[in-house]
Amino acid sequence: MTPAESIQALAQHVKETVLPHLGAWRYGKVTGIANSGDATFRIDELAEEAVENFIVEHQINVAYYSEDKGLIYPEHAKNPDGILIIDPIDGTRGAIAGFEACVVSVAWADYSPNPRFKDVHYAAITEIKGDTTLTAVRGEGVKITKDNGETSEASLRTGTEIASAATSFGTVGAPLSPLFAVMSDLVSPTTVRGGFFVLNSSAFELTRIVTGQLAAVIDVRTRLLRDKPETRDAFLDYGGGRLLSLYGYDVAAAAMIALEAGATVTDAWGVSLSEWELLDTTEGNFGSLLAASNAELHAKLLTETNAAFA
Numbered sequence: 002m003t004p005a006e007s008i009q010a011l012a013q014h015v016k017e018t019v020l021p022h023l024g025a026w027r028y029g030k031v032t033g034i035a036n037s038g039d040a041t042f043r044i045d046e047l048a049e050e051a052v053e054n055f056i057v058e059h060q061i062n063v064a065y066y067s068e069d070k071g072l073i074y075p076e077h078a079k080n081p082d083g084i085l086i087i088d089p090i091d092g093t094r095g096a097i098a099g100f101e102a103c104v105v106s107v108a109w110a111d112y113s114p115n116p117r118f119k120d121v122h123y124a125a126i127t128e129i130k131g132d133t134t135l136t137a138v139r140g141e142g143v144k145i146t147k148d149n150g151e152t153s154e155a156s157l158r159t160g161t162e163i164a165s166a167a168t169s170f171g172t173v174g175a176p177l178s179p180l181f182a183v184m185s186d187l188v189s190p191t192t193v194r195g196g197f198f199v200l201n202s203s204a205f206e207l208t209r210i211v212t213g214q215l216a217a218v219i220d221v222r223t224r225l226l227r228d229k230p231e232t233r234d235a236f237l238d239y240g241g242g243r244l245l246s247l248y249g250y251d252v253a254a255a256a257m258i259a260l261e262a263g264a265t266v267t268d269a270w271g272v273s274l275s276e277w278e279l280l281d282t283t284e285g286n287f288g289s290l291l292a293a294s295n296a297e298l299h300a301k302l303l304t305e306t307n308a309a310f311a
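Remember, my numbering sits 1 above the position in the sequence shown when you count from 1.
Right under this line is the structure:
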């Protein structure tokens, strides 16, 4: 299989493994702490097992990094052709509840000890509850495919007014009072005309920009932590004693897909994601997102975000 075929087949295999268990609360039991510090649920373990089994069974010559296990070198991959950055279930909490906002995320990057976002060349996102897979090859655009083989084009929103922008917001592990206090003037106008959503799946949210269901994805948790250091203790309290934020494996595939579709995607300061290290989950490498369906809307969101943190 080619890299593009491999990651798409892997994503489909994980989906088929976990789909029967969506909404089954026994799979929502917390069983440990992930490599990043986030909670690991039983359904995450099931997905991780599916990843390992698929890579070994098909002898895919890669190293791989997953949310729960970190960096793995299978015995058969002596000189890896690449490194897979995998979130077997992005949106675990939604999956446990049986919601649609959960996907399998797989990105193929050039092999190196420290791959960055710019090193990702292939990406696949498969809806777990839905029937759609979005794939991208860097420089070649996006392909959207249904399980029945039907294809469709990216359909990004063209509106440029914040109030009319369907917007999602990252919140996991953050103290909501200061988070919403800072961002209130930006997000409050969206709640009536555009729509304001907390979906807890960055990969799902970014792909909704590609499908035209969302216009913007905002995650300023890391900016709040850095620009407002007095919130640190609250972050620790709500994160169960750990600082939680956005990690490279969360969006390595989805951010590339969104960019290839024509969206504007940066961090919460407006800086390109190109140099973001994908395997480092320490505080100094925490990520953030400001993504929009078009450049003009992104510019307005960035202006308002900067004003909010001024």
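Backbone N, C-alpha and C define an ideal beta-carbon position, used for all residues, glycine too.
Rounded separation between A108 and A254 - CA only: 5 Å
Start-end ranges of the beta strand (DSSP E) lying completely within the region 228-305, minimum 3 residues: 265-267 and 290-293
First and last residue of the uninterrupted alpha helix (DSSP H) at T18: P4 to V19
Local conformation of E53 per DSSP, three classes: helix
As assigned by DSSP and simplified to three states, the class of E76: coil
Beta-ladder partner(s) of A124, from DSSP: A108 and A137
Start-to-end residues for the beta strand (DSSP E) that takes in G83: G83 to D91
C-beta contact flag for L23 and K147 at 8 Å: no
Three-state secondary structure assigned by DSSP to T146: strand
Distance CB(L298)-CB(G171) smaller than 8 Å: no
As assigned by DSSP and simplified to three states, the class of S202: coil
Where the alpha helix (DSSP H) containing S185 begins and where it ends: L177 to V188
Exposure label - G140; buried when at least 16 CB within 10 Å: exposed
Local Cβ density within 10 Å of G99, reported as buried at 16 or more and exposed below that: exposed
Where A64 sits in the DSSP three-state scheme: strand
L260 versus V138, E17 and G92, residue with shortest Cα-Cα distance: V138
Enclosing beta strand (DSSP E) for S165 [first to last residue]: Segment: none, S165 is in no beta strand (DSSP E) and carries neither H nor E.
Cβ-Cβ separation, R222 to A175 (assumed contact under 8 Å), whole Å: 5 Å
Closest by C-alpha distance to S153, when choosing among Q13, R94, Q60 and T134: T134
P81 at chain E interface by Cβ criterion, 8 Å: In the structure shown, chain E cannot be found, because there is only a single protein chain.
Residues near A262 by beta carbon distance below 8 Å, same chain, minus five either side: A137, G142, V143, A155, L157, I210 and V211
Collapsed DSSP secondary structure at T212 in the structure displayed: helix
Whole-number beta carbon distance between L291 and L302, since they are thought to touch under 8 Å: 6 Å
First and last residue of the uninterrupted beta strand (DSSP E) at I219: A217 to D220
According to DSSP, residues forming a beta bridge with S113: S113 pairs with nothing; no bridge assigned.
Outcome for Y74 when other beta-carbon atoms lying within 10 angstroms are tallied against a minimum of 16: exposed
Per-residue burial, P116 [other beta carbons within 10 Å of its own, 16 or more giving buried]: buried
Residue closest to W270, alpha-carbon to alpha-carbon, out of T283, G288, E284 and A256: G288
Closest Cα partner of A125 within the set M184, T282 and D251: D251
CB of A51 within 8 Å of CB of I90, strictly: no
Beta-ladder partner(s) of T152, from DSSP: T146
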